[in-house]
Each structure stands twice: as structure tokens, then as C-alpha cells.
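See structure below.
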Amino acid sequence: MPTIKPSLTVVSSEFGVTMRSKPDNKTAEAVRLSISTYGGRGKWINNLLAGAGLNDFVTVTEDELCAAAHTSADIVLAVLDSTDDPQRFVADVTAIKAKQYSPFVIALIDEQARHLASNRLDELPLDDVIFLPVGPDQLGRIVMTHVVSLKVRDVPPGNGEGAQRMHRSLGEILVSHRIITPQQLRKALAYQADTGDRLGDVLVSLGYINEEQKLHFLSGQLNVDIATLKQYASADLNVVALIPQQVAEQINCVALEKNGDVLTVAMEDVLNLEHLDAIRDLTDMTIKAVLGTKEDIRTTRDRYYRDIASQRDASSLVADLSEDLEYVQRESEDISTEEAAAAGAERGIVKIVNMLISNAVREGASDIHIEPMEHELIVRNRVDGSLRRVFSPPRASHQAIVTRIKILADLDIAERRLPQDGRMVVRMGQREIDIRVSILPTVFGEKVVLRVLDKEVFEKSVSGLGFTSRDLAVFRRNISKPYGMIVVTGPTGSGKSTTLYSAIQNVKNVAKNIVTVEDPVEFHMDGVLQVNVNRKIGLTFASALRSILRQDPDIVLIGEIRDGETADIAVKMSMTGHLVFSTLHTNDAAASIARLIDIGVPPLLLASSMSLIVAQRLVRKVCPKCKVEYSPPAELREQLHLKHHKP
């Protein structure tokens, strides 16, 4: 990683004025470092700075810097020890800070002199306070932070307000906005002197501000944008991969966007020229740094690099993956010898399909999307509600992959113009997994979506569904009734079937006759009679329900109410002493009533039969091993009616 060691020319054993060369050594930029020393500390400070890599000193006098208008400085190190006059120290620092060029002022206070200045620090317009002793590395890091900020703070001509803002330290800004008190700032500066951490991080760790406040005021101070949630969520893996993972972890950064030759990178420390130069050299692009919190950057970075690694692993698996999946052939399947031969001939395709399914099951994916594009074939898995790209098989393999899946799902391999739906069952070890297959013709070929129905997921108790204690009590009370109608509603993939299966498991006993009608049967339950709808032979929800009425059922589960006839039978069953469970596709509970009325259920019957409507969504769970405290933005707190408790 390239390093930047500034070349310094200091003018004085008392006050030093320095010039720092740019990295290309062609031109010098006006970054003048002045050191105010009292009690013969000039040589010691010079040696300390030299140890930090800041060297080549020349001199001017202390009086010249304090009095002369033409002698200016960007950074002043003001040293106070026990032999100095604190009143003169305060007067000199105030005079220097009041100059037109308004330098950064860093006070270096000896441990024995701390009591001399303790009552006067609030009066001083200091940008930083360092309590001695201090090592060269720590001093160099603090000084260079301010030196770099001079470069970053460039403000367009005429923007006097921006220039004034950039000269103010973060602590000064927070005090002026009454976010923290001067006493809290003093304590934070003392803590910073001991740890060498950035002031913003120190204020957060002490509980004086939160991450949101730190980013907001740093953004205003440095005139740098803050990374948005949209940028974190929608970064392209190819853009993220522009920065090697090892470098991204060392710097704690993540590439978010690429616009032409400009790369937007979220970083904690946007003032670190060494890091910016390293990224620029690696990518050969112009770097636009945006602010981000440590945790936001880390979690985003880890997620994207994990996806990149998964994609690479998936690509390498194609060559050597063993066929460790066993496909369970259903009795209704009738695969011709020619089709079976065609499927077995392409062993590479068999491996690819096996890999896609086994990888999705290991990741806990709910859906597999196989998407043909004009020049590539993309495979994405839906994990925790979000699609992530995992693999790009050769574009030429698309039709062979689709044909293999069609054969396994007992679909027509010759039909490429119409949508098709089917299912297959695979066995991984002792686990049997049902997979629904949906094929849709597109302009670039047939898109395949595989819905993975892992039967282990359905083995949940009612208490493990995530209900609040109040909602759980209401749910248990209604599913224990001898009759009535309970409807679970929500969008596709929101866990409705899981909720109904859990309810059936909760009420199941030998004294009750339980029958289900499903399309398809997703989970086989002991002691429950399950009917699989088969439209090819005329076995629909309505026809099955009419037959079930003659089977003396106590509890009936209907996979989905899709039409008026099914709804009418379900309502009448609930009014004749049966407990009926079913699902609807609506956005909320109130819309379910409107939907049932719309398909023909009389409002009077609906009011008499309906016991409970449950509207649900899947919510991503926070990993219990890596969760951290988080202060949500004000807009989100307002939407969720959350009160903000200040630390």
C-alpha cells in the first residue's frame, strides 16, 4: 500500500512554518504548520515531529507569528507546561485563532500544567487538546489528520460560510449546536489523548452522541456526502470487487457505485490520503469518498464479499461436484426412454442443476431464479427476502438446463411457447425437499423459478412463529374453537402455509378428523388426511371439498380460496360445526373481507362464519451472534412511533 510522507520546512525553534509537497513533487501546496513552545520545548517538539516523519525544520520567532499580519499558519501546536504563564498562553492562543486565516489550534498541555489551564480551557477556541506525554506516532497521526483536512476542505471561491465551517473542529461545532457541553468535550479530548482515536468515535463511545449525529455533523464539517441505504443495498458485485477484499477489510471501506471513471467508496475516514491513494492506485479511477458508520460499512462489505465468494465457489463446483442429490420419482411420472437418455447424456448439465439446488438448500434460499439475458445466463437465490446473484453458467447451457428441469418436473420439453408449472422432490441425506417449478417464456428464452419447500421449515410450534404475547393468546384461543373460519393472508412467500401447518400441529389429536386440500401438499403430517389437487383429472378445490363433507371432518384446511365456489363451501362448512383454515392473497386483514365479498360471499354469512383473520409478513431476523446496538434514523423512528432515548 503506498504511503505519503510529507516534506516539512519549519521556520523557528519557537514557531515553525512548514510547506508540504504534493505526492507528485511537482508543486507545493500551502500547508503551514506552526509550533508555539514555552519553556524551551522547541527542540523536543522538533524531535517528536521528526520521529513522526515530519522533518526538515527552519525557524521564525514566536512574536513574528503572533504580531505580523503577513506571517500566517494553518495549524498551530501550542505547548503549555508548568513553568509557563497560563494567562499569556490564553492571550496568545486567542490572538492566533482570531487572525483572518483562522488556523487550527492544537494545545499540548503538560500533565503538571493541567491544573493551570483547567479553568480556562472553556474560554479557548481550541480544535484539539493533547495531554502530554505523547508519542511521535500519536502526535503525527493527530497532526496529519488536520493537515489532510486542509486539503479536503477546499471550498469554491465566494463560499465564505463553507470556509468558515471547515475551519471549525467537530467538537466546536457540536458545542455550538448544544449537542454536547464544553465539559463533555474536555473529557472527550482527554480520552482521545490517551487512546489516539478520532474525536467523533470517542464521543460516540462515551455516549455523548450517536452514530447518526456524528455522520450528520462530520458531513457538514467536511462537505462530504453520507452513504445512503439505497447505495448500500443496490451495489453491484462487479463494482464491489474492484477493491480486493483484503484491502477493503484493512481500510474498512466498500465500493458502492461506478459512474464513468468515478468510483464512490463508503469509508469511515474520508481524510486518510494514504487510503484514498491506495484505492486510486488499485482501481485506476477517481475516488469519491462518502461517509459511513463502521458497522454499516462492515456488514455491507461482509455481505457483498460473501456473495462474491459464493459466486466463485459455485463456478468452481461445476467442474467437480458429485451428483449427491437423489430425485424422487412420483408414481404419476411417465418419462420416456428418449427423454431419460437425453437428460443423462449431458452429465455437465446434471451437475449444474444438482449444484444449483444443493447450494440453495444450504443457503436457506426460498426461491431459485434462472434468468436468460441477451448475452448471459444469471442464477439468483432469494435469501431472507432478497435476491442475490450467485452464479452465471455459460449462456449456451440455458436450454439444456431448462430441459433437465422440465424432465424432473414431468413437464413437456417440446413446449417452449407457453408457461408451465410442475413439481419435483429431491432427497439430500435424510431430508426430503419439495420443489415447485414455474417456467415462463421470455424474449431471451424460458425463465425458470424453483420454489424450495424444505419440510423442516414447517415443523414449527405456534410459539415459534414470532407472535407477540397478546397476538399469540388471541391466535391460540381462536384455533381452539370447535367451529369457525380462520384466514391467513399475505403476499406470496410470506409464510402463510407455515402458520397454518403450525396451527394444525397445535390442535391435532386422535379425537379429531383433520382433512386438508392443497395444491400441492407441501408437508406430510402424521394423523392428517391430505388431498392433492389435480386439475388435469378434474380434482379441484371445490370438487374435493364437496367430497370431504361426506368424510365426517372436524377440521378442514383449504390451501387457498381462489374462487367463489370454494369460498361458498368454506363459509358453509364453518357454519355447520367445522373449523376451517385457509389462505388469501391480500395485503392486509381488512382487504380480506372485501375480497371475499367481491368473489360472492354474502356479508351476512361472512359475519357469522369468520372467527379470525391474520395478516402477516416475513421479517428478517437479526443474527444473535453479530447483532449490535443501532440508532435508527429519525424518519424511521417516526414511522414506527419509536421514542428516541438519549444516552
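In the working numbering, the protein residues as written are 98 to 744.
Cβ atoms here follow ideal geometry from the backbone N, Cα and C, with glycine treated the same way.
Quantities reported herein were computed from a predicted structural model and do not represent experimental measurements.
6 Å Cβ shell around residue i - same chain, five flanking residues per side excluded
i	result
V668	V698, L702, S706
V337	A352, Y401
V290	It should be pointed out that residue 290 corresponds to Ala in this sequence rather than to Val. Result list for A290: I227, F228, in chain order.
T380	L339, L360
A457	I465, N478, V549
E365	N349, K391
D333	none
I394	N349, V351, A363
A686	I710, A712
For residue i, the three-state DSSP class (helix, strand or coil)
i	result
P183	helix
A712	strand
R514	coil
Q527	coil
V604	helix
S455	helix
V249	Any reading at V249 must be qualified, since the residue scores a pLDDT of 40, below 50, and its modelled position is unreliable; the value itself is stated next. DSSP places V249 in helix when its eight states are reduced to three.
R567	helix
S463	coil
L145	helix
S302	helix
V549	strand
L360	strand
R520	strand
L339	coil
F572	helix
G542	strand
L562	coil
L484	strand
D366	coil
A416	Here the model assigns A416 a pLDDT of 44, short of 50, so the residue's position is not dependable and the matter cannot be decided.
E308	helix
V499	helix
V447	helix
For residue j and residue i, the rounded distance between their alpha carbons
i	j	result
R594	I502	The sequence shown places Ser at residue 594, rather than the Arg named in the question. Between S594 and I502, the C-alpha separation is close to 25 Å.
A511	Q517	11 Å
S679	V716	22 Å
L642	I611	13 Å
Q496	R295	56 Å
L681	N629	18 Å
P183	A285	22 Å
A691	R548	29 Å
M382	D358	5 Å
D178	I193	19 Å
R475	D404	In the sequence under discussion, the amino acid at residue 475 is Ile, which differs from the Arg named in the question. For I475 and D404, the distance between alpha carbons rounds to 14 Å.
V272	V301	15 Å
N575	S708	7 Å
D298	R486	35 Å
I694	T500	43 Å
V618	V523	15 Å
G624	K718	32 Å
K578	G661	25 Å
N320	D207	34 Å
D616	A664	16 Å
E258	M452	With a pLDDT of 41 at E258, under the threshold of 50, the modelled position of this residue cannot be trusted; read the value that follows with caution. Distance between the alpha carbons of E258 and M452 is about 60 Å.
Rounded Cβ spacing between residue i and residue j (contact assumed at less than 8 Å)
i	j	result
A386	V362	6 Å
I652	L676	5 Å
A639	I666	6 Å
H466	V546	6 Å
G542	P469	4 Å
V307	S728	According to the sequence provided, residue 307 is Asn. The question's Val does not apply to it. Their Cβ separation, rounded to whole angstroms, is 4 Å, which keeps N307 and S728 in contact under 8 Å.
L205	L174	6 Å
V463	M525	It should be noted that the sequence gives Ser, not Val, for residue 463. Contact flag wrong, Cβ pair sits at about 16 Å.
S489	E473	6 Å
E309	P730	6 Å
M672	L646	Contact flag wrong, Cβ pair sits at about 12 Å.
Close Cβ partners of residue i (< 7 Å) along its chain, the five nearest in sequence each way excluded
i	result
M521	Y424, L505, A506, I532, V534
Y305	I277, Q281, A285
E460	N478, V480
R185	none
S266	D224, D225
Close-in-space but distant-in-sequence residues of the same chain around residue i (CB under 8 Å, 5 per side omitted)
i	result
S558	S599, Q602, N603
Q713	V585, T586, G587, S591, G592, K593, T596
L626	N610, I611, V612, T613, Q648
| task | Examine the Cβ distances between the stretch 523–543 and the stretch 557–567 and report whether three or more of them are shorter than 8 Å. | result | no
| message | I want to know whether the stretch 304–315 touches the stretch 376–391 - three or more CB-CB distances under 8 Å. | response | yes
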